Amino acid sequence: MGNLVCIGAQWGDEGKGRIVDRLSEQADVVVRFHGGNNAGHTVVVDGVTTVLHLVPSGVLHKSKLCVIGPGCVVDPEVLLQELEMLAARGLVDLTSPERMIVSDQAHVILPFHKRVDKAREVARGAGKIGTTGRGIGPAYEDKAARRGLRMHDLIEPDRVADAVRSGVMYANSVLEALDGEVYKGEEIESIIARLRQQGQKLKPLVDDAGARIHAAAQAGKRVLFEGAQGALLDLDHGTYPFVTSSNCLAAHASVGAGVGPNLLGRVLAVLKAYSTRVGEGPFPTEMTDARGEDLRQRGREFGATTGRPRRTGWLDLPALEYAVRINGVTDLAITKLDVLAGYGELKVCTAYELDGRRLPHFPHDVRKLQAVTPVYESFEGFDKVPDRIASLDDLPAAARRYLNFVVQRLGVRLSIVGVGPGRGQELVMHDVLAG
Ligand code: IMP
Numbered sequence: 027m028g029n030l031v032c033i034g035a036q037w038g039d040e041g042k043g044r045i046v047d048r049l050s051e052q053a054d055v056v057v058r059f060h061g062g063n064n065a066g067h068t069v070v071v072d073g074v075t076t077v078l079h080l081v082p083s084g085v086l087h088k089s090k091l092c093v094i095g096p097g098c099v100v101d102p103e104v105l106l107q108e109l110e111m112l113a114a115r116g117l118v119d120l121t122s123p124e125r126m127i128v129s130d131q132a133h134v135i136l137p138f139h140k141r142v143d144k145a146r147e148v149a150r151g152a153g154k155i156g157t158t159g160r161g162i163g164p165a166y167e168d169k170a171a172r173r174g175l176r177m178h179d180l181i182e183p184d185r186v187a188d189a190v191r192s193g194v195m196y197a198n199s200v201l202e203a204l205d206g207e208v209y210k211g212e213e214i215e216s217i218i219a220r221l222r223q224q225g226q227k228l229k230p231l232v233d234d235a236g237a238r239i240h241a242a243a244q245a246g247k248r249v250l251f252e253g254a255q256g257a258l259l260d261l262d263h264g265t266y267p268f269v270t271s272s273n274c275l276a277a278h279a280s281v282g283a284g285v286g287p288n289l290l291g292r293v294l295a296v297l298k299a300y301s302t303r304v305g306e307g308p309f310p311t312e313m314t315d316a317r318g319e320d321l322r323q324r325g326r327e328f329g330a331t332t333g334r335p336r337r338t339g340w341l342d343l344p345a346l347e348y349a350v351r352i353n354g355v356t357d358l359a360i361t362k363l364d365v366l367a368g369y370g371e372l373k374v375c376t377a378y379e380l381d382g383r384r385l386p387h388f389p390h391d392v393r394k395l396q397a398v399t400p401v402y403e404s405f406e407g408f409d410k411v412p413d414r415i416a417s418l419d420d421l422p423a424a425a426r427r428y429l430n431f432v433v434q435r436l437g438v439r440l441s442i443v444g445v446g447p448g449r450g451q452e453l454v455m456h457d458v459l460a461g
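Going letter by letter, the sequence shown gives residues 27 to 461 in the working numbering.
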């Protein structure tokens, strides 16, 4: 079939953007299927860094169809900024749905979603989630409450006002309860006017995403489904409540793209050679000492969306085994191996203990996860990895041992290894889409 779902196996920021950019060479259609501009997918080509928040990471390849799927939430202001930046580079055309489409079913992030998101975080105090403040949670809440505005509504000027007014009513009741700033007449009118303009600018791109993807697949084209965030941030299966508000798992690519599950194909999990997390929530292998800071600096671990410093830690096999299991992973892409070069002795968490007993599985209860003691195995470090590698044999023996150990434990094949941020600084060992 030749299709592939690419997902993050940790807490996001695994380097999915650069992997999707590389694999897009072999795909015809690239689809974002959930989340919104809480994501920041970074692609570096010839020294030029592009950070994409909503547009699929296949967009730097001119001939691909890029799709923002029905499972996404779209902030029209951010999408337009991103599209205008890409249009200025000749990569998209805002007047034609040939190369870039936005699902008519995707929900719209409205200005009050962002205000509610931030007010909630303030109200939570020490118990905050550490959201990106982009209005993701409140937009998905309105979707589930069946009062959301979808893209097909946004492009109809006479539908915008009613939806905004009723949305503001709910938002104001929350803001009032949280001591936030409520919306009043003039501000509401200017939101409506702005949304109407944005809707008209986006109108040429709004289309039936599922039908377009299905037709492409029927015509023998290859589809790459691009996940955002990561398995451990999944609304149902992540470290709830310290999760995002969408489903990040491979199975959701079907619902979030509007196609049947038989179209999904293989599942590639992207993981960093160590762990990071941004925002609050349990992180058993976190290093809060100088080594953690050193890793943050070496790996330039600062959020691509918010600039927040990421928490850093050792690789966590119980968490990764869980991610591999619940995603049905067939292939692994291990990124940022170069960051560990020269870092000295390495550790990998091989199990969790709780009250002196080994846990058989990754616990769903965050209180348990917060209380576990990681069991570590130590590995000899390695000094240097080459900028580019043609085979695993080009890696130092200690780096190969580290990789082998991880791959053996996860029990699926290693298909990609990243040794630097730039396009081409990854070894692709299999035609991942073909299988
Ligand atoms: P939200 O998605 O903005 O609601 O944030 C919920 C949690 O998910 C927070 O811990 C965020 O830091 C985290 N998060 C959301 N998007 C990303 C991402 O793209 N990378 C890493 N963490 C993310």
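For every residue, glycine included, the Cβ atom is placed at its ideal position computed from N, Cα and C. As the structure is a prediction and not an experimental result, all values here were calculated from the model.
Are the Cβ atoms of residue i and residue j separated by less than 7 Å?
i: V104; j: L231; result: no
i: I135; j: V99; result: yes
i: E327; j: T302; result: yes
i: A187; j: G95; result: no
i: G282; j: M27; result: no
i: G444; j: T361; result: yes
i: P400; j: E252; result: no
i: G407; j: E371; result: yes
i: G97; j: Q255; result: no
i: C32; j: V46; result: yes
i: Q107; j: R176; result: no
i: A359; j: V411; result: no
Compute the minimum distance between the beta carbon of residue i and the heavy atoms of the ligand IMP, and state whether it is under 6 Å.
i: D275; result: Per the sequence shown, residue 275 should be read as Leu rather than Asp. False, no ligand heavy atom lies under 6 Å from that Cβ.
i: A257; result: no
i: G264; result: no
i: G163; result: yes
i: N64; result: yes
i: A101; result: Position check: residue 101 holds Asp in this sequence, whereas Ala was assumed. No; taking the cut-off as 6 Å, the Cβ of D101 has no heavy atom of the ligand IMP nearer than that.
i: D39; result: yes
i: G253; result: no
i: G305; result: yes
i: G151; result: no
i: T158; result: yes
i: T270; result: yes
Which first and last residues belong to the beta strand (DSSP E) in which residue i is found?
i: D357; result: D357 to T361
i: E403; result: T399 to F405
i: A165; result: No beta strand (DSSP E) contains A165, which is instead part of the alpha helix (DSSP H) from I162 to A170.
i: G193; result: No beta strand (DSSP E) contains G193, which is instead part of the alpha helix (DSSP H) from P183 to A203.
i: V93; result: L91 to I94
Rank the options by C-alpha distance to the C-alpha of residue i and give the top, closest one.
i: N353; options: G28, G34 and N29; result: G34
i: Q52; options: G62, L30, T68 and Q223; result: L30
i: E452; options: F388, L363 and R439; result: L363
i: L346; options: E371, L258 and S271; result: L258
i: I214; options: K227, Q226 and A197; result: A197
i: A149; options: A113, E202 and T376; result: E202
i: P389; options: T314, A423 and Y266; result: Y266
i: V69; options: R48, I181 and C375; result: R48
i: D409; options: I415, L421, A416 and D184; result: L421
i: K298; options: D130, P447 and D101; result: P447
i: V374; options: A316, A425 and I162; result: A425
i: L385; options: L343, D413 and L86; result: L343
i: S272; options: G161, P287 and V293; result: G161
i: L228; options: E182, V85, I415 and A349; result: E182
i: G174; options: R191, T158 and R238; result: R191
i: A145; options: D72, R248, G206 and K394; result: G206
i: D39; options: R322, T376 and Q434; result: R322
i: L380; options: A397, C274 and V433; result: A397
i: S280; options: A152, F309 and L250; result: L250
i: R351; options: E312, V293, R337 and S404; result: V293
In its own chain, which residues sit with a C-beta less than 6 Å from the C-beta of residue i, not counting the 5 before and 5 after it?
i: M455; result: S441
i: R334; result: V304
i: A165; result: V99, H133, I135 and H139
Report all residues from its chain with a CB closer than 8 Å to the CB of residue i; omit the five preceding and five following residues, and keep chain order.
i: T121; result: P230
Between which residues of its own chain and residue i is the CB-CB distance below 7 Å, once the five residues before and five after are set aside?
i: G66; result: V77, H79, G329, A330 and T331
i: E306; result: K154, I155, G156 and F268
i: V125; result: The question names Val, but residue 125 is Arg in the sequence shown. Once the five neighbours on either side are set aside, the close Cβ partners of R125 are L91, C92, V118 and D119.
i: L112; result: V81, V85 and V118
Within the continuous alpha helix (DSSP H) that includes residue i, where are the two ends?
i: Y428; result: A423 to L436
i: L343; result: L343 to N353
i: F138; result: P137 to R150
i: K42; result: K42 to L49
i: E207; result: First-last for E207: undefined, no H or E at that position.
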